[in-house]
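Per full-length UniProt numbering, residue 1 is the first one in the sequence shown, and the count goes up by one each step.
Here's the structure, in structure tokens; my notes come after.
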Amino acid sequence: MSTITLTLKESPSVPLETEVITPDTVADLSRSEIAALTVYHGKRVCRLDDFFDIDGEKSEHIEIHGDLHRVRMIGKGMSRGSLSITGNVGMHLGAQMSGGTITVNGNASDWIGAEMTGGLIRIHGNGGGQIGAAYRGSLAGMRNGTILVDGTAGLEVGMRMKRGTIVIGKTVRDFAGLQMKGGTIVMLSGAEIRTGAWMNRGTIISCQPTQVMPTFAYSGAYNPTFVNVYAKHLTQYGIDLPYKVSAGTYSRYAGDMGVSGKGELLVWNPV
1 MSTITLTLKE
11 SPSVPLETEV
21 ITPDTVADLS
31 RSEIAALTVY
41 HGKRVCRLDD
51 FFDIDGEKSE
61 HIEIHGDLHR
71 VRMIGKGMSR
81 GSLSITGNVG
91 MHLGAQMSGG
101 TITVNGNASD
111 WIGAEMTGGL
121 IRIHGNGGGQ
131 IGAAYRGSLA
141 GMRNGTILVD
151 GTAGLEVGMR
161 MKRGTIVIGK
171 TVRDFAGLQM
181 KGGTIVMLSG
191 AEIRTGAWMN
201 RGTIISCQPT
211 QVMPTFAYSG
221 AYNPTFVNVY
231 AKHLTQYGID
241 LPYKVSAGTY
251 SRYAGDMGVS
261 GKGELLVWNP
271 V
């Protein structure tokens with residue numbers, strides 16, 4: 001399998017916008033054509049090879065190396081292929097993507113997979129805020145796809161998401177599932193406060209005790225069948241979601257009663 005390798009020469013001094021770094025853009029381009037792609041360094045219009053050493057051509061598989069924490073919009077709108085990143089990466093990774101796979105061996109900043117409609121993003125580190133969320137002024141966030149973050153996550157994870165799955169390995173900050181409209185958020189290590197605020201629909205699963213807002217109503221303890229399905233699906237990614245009756249049950253809270261009350265928060269209670 002041929003691969004295009006991009007190696008950052010040095011970390012940019014101001015944010016570098018690189019939405020041209022997608023398999024859709026480079027799959028049919030020669031090395032010289034890839035090098036001439038336009039990127040934006042602050043207000044300056046630059047070439048991609050002003051910042052990256054480039055090896056390979058005509059492939060929908062991209063590897064990127066370097067400290068990319070100021071490099072934004074990698075994988076934006078991608079629909080196919082794969083992106084593998086070694087190093088920390090900046091904002092809007094995989095935003096509005098509809099297919100393909102992004103893997104990050106490092107941390108990622110805010111707006112991972114914002115408004116995505118398909119594909120898989122896997123972060124082997126910490127994530128920022130607004131993961132899978134709607135942009136300001138937009139009515140809907142993530143509509144499908146999967147986002148997996150091994151580490152922590154910031155504010156407003158899954159804000160206004162409609163479909164899809166987000167799994168966070170470590171603690172999630174405030175307002176997880178804010179105004180959520182559907183889909184599933186799994187928090188393996190729980191969250192801080194205001195989880196599910198103003199959510200209309202969807203499911204939030206917490207595998208650790210978490211603070212429940214007073215606008216959520218307790219509605220029993222059980223083991224939902226769909227959790228079994230999620231658990232079996234997530235094992236392929238090395239994620240252990242508890243579901244066996246012999247191991248415990250989920251307490252269900254319906255909410256947010258301040259709006260429709262049709263969402264749910266499931267909190268795992270081990271035996």
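The C-beta atom is built at its ideal place from N, Cα and C for all residues, glycine as well.
Presumed contact (8 angstroms Cβ cut-off) between residue i and residue j, rounded CB distance
i	j	result
glycine 220	glutamine 208	Actually they are not in contact, since the Cβ atoms of glycine 220 and glutamine 208 sit about 20 angstroms apart, beyond 8 angstroms.
methionine 142	glycine 177	Methionine 142 to glycine 177, Cβ: 12 angstroms. No contact.
methionine 116	alanine 95	7 angstroms
valine 20	leucine 37	4 angstroms
serine 82	isoleucine 4	The Cβ separation is near 11 angstroms, so there is no contact.
serine 11	aspartate 67	5 angstroms
Inter-residue Cα distance where the pair is residue i and residue j
i	j	result
glycine 99	isoleucine 239	22 angstroms
glutamate 57	tyrosine 222	53 angstroms
isoleucine 62	tryptophan 111	21 angstroms
tyrosine 40	serine 13	12 angstroms
lysine 202	threonine 101	The amino acid occupying residue 202 in the given sequence is glycine; lysine does not appear at that position. Straight-line Cα distance between these residues: approximately 24 angstroms.
arginine 194	tyrosine 218	16 angstroms
lysine 76	valine 271	44 angstroms
glycine 248	asparagine 88	37 angstroms
valine 45	leucine 234	42 angstroms
glycine 42	glycine 261	44 angstroms
Heavy atom of the ligand ATP within 7 angstroms of residue i beta-carbon
i	result
histidine 61	This structure lacks the ligand ATP, and indeed carries no ligand of any kind.
Where the beta strand (DSSP E) through residue i begins and ends
i	result
lysine 181	181-187
aspartate 24	Looking at the DSSP string, aspartate 24 is not in any beta strand (DSSP E); the run it does join, the alpha helix (DSSP H), is 23-26.
residue 311	A question about residue 311 goes unanswered here, because the residues of the chain that appear run from 1 up to 271.
residue 274	Since the displayed the chain opens at 1 and closes at 271, residue 274 lies outside it and no answer follows.
glycine 255	248-255
Distance CB(residue i)-CB(residue j) smaller than 8 angstroms
i	j	result
valine 149	isoleucine 123	yes
serine 251	asparagine 269	yes
methionine 180	glycine 196	yes
isoleucine 121	isoleucine 85	no
isoleucine 54	isoleucine 34	yes
methionine 159	glycine 183	no
proline 23	glycine 90	no
isoleucine 204	leucine 241	no
threonine 210	glycine 255	no
glycine 132	isoleucine 166	yes
residue 283	glycine 106	Not covered by the structure: residue 283. The range shown for the chain is 1 to 271.
glycine 127	glycine 145	no
For residue i, the first and last residue of its enclosing alpha helix (DSSP H)
i	result
histidine 233	225-234
aspartate 219	Looking at the sequence shown, residue 219 is not aspartate but serine. That residue, serine 219, is in no alpha helix (DSSP H); its beta strand (DSSP E) goes 217-222.
serine 32	31-35
Nearest neighbour of residue i, chosen from the options [CA to CA]
i	options	result
alanine 108	Ile205, Leu93 and Glu115	Leu93
glycine 113	Leu139, Gly81 and Ile74	Ile74
residue 273	Tyr230, Thr171, Ser59 and Ser138	Limits of the chain in this structure are 1 at one end and 271 at the other, which puts residue 273 out of reach.
leucine 48	Glu17, Gly261 and Gly106	Glu17
lysine 244	Leu6, Val227, Ser79 and Ala153	Val227
methionine 213	Gln130, Phe175, Pro224 and Gly118	Phe175
Minimum Cβ-Cβ distance from residue i to chain D less than 8 angstroms
i	result
alanine 134	Looking for chain D here will not work: only one protein chain is present.
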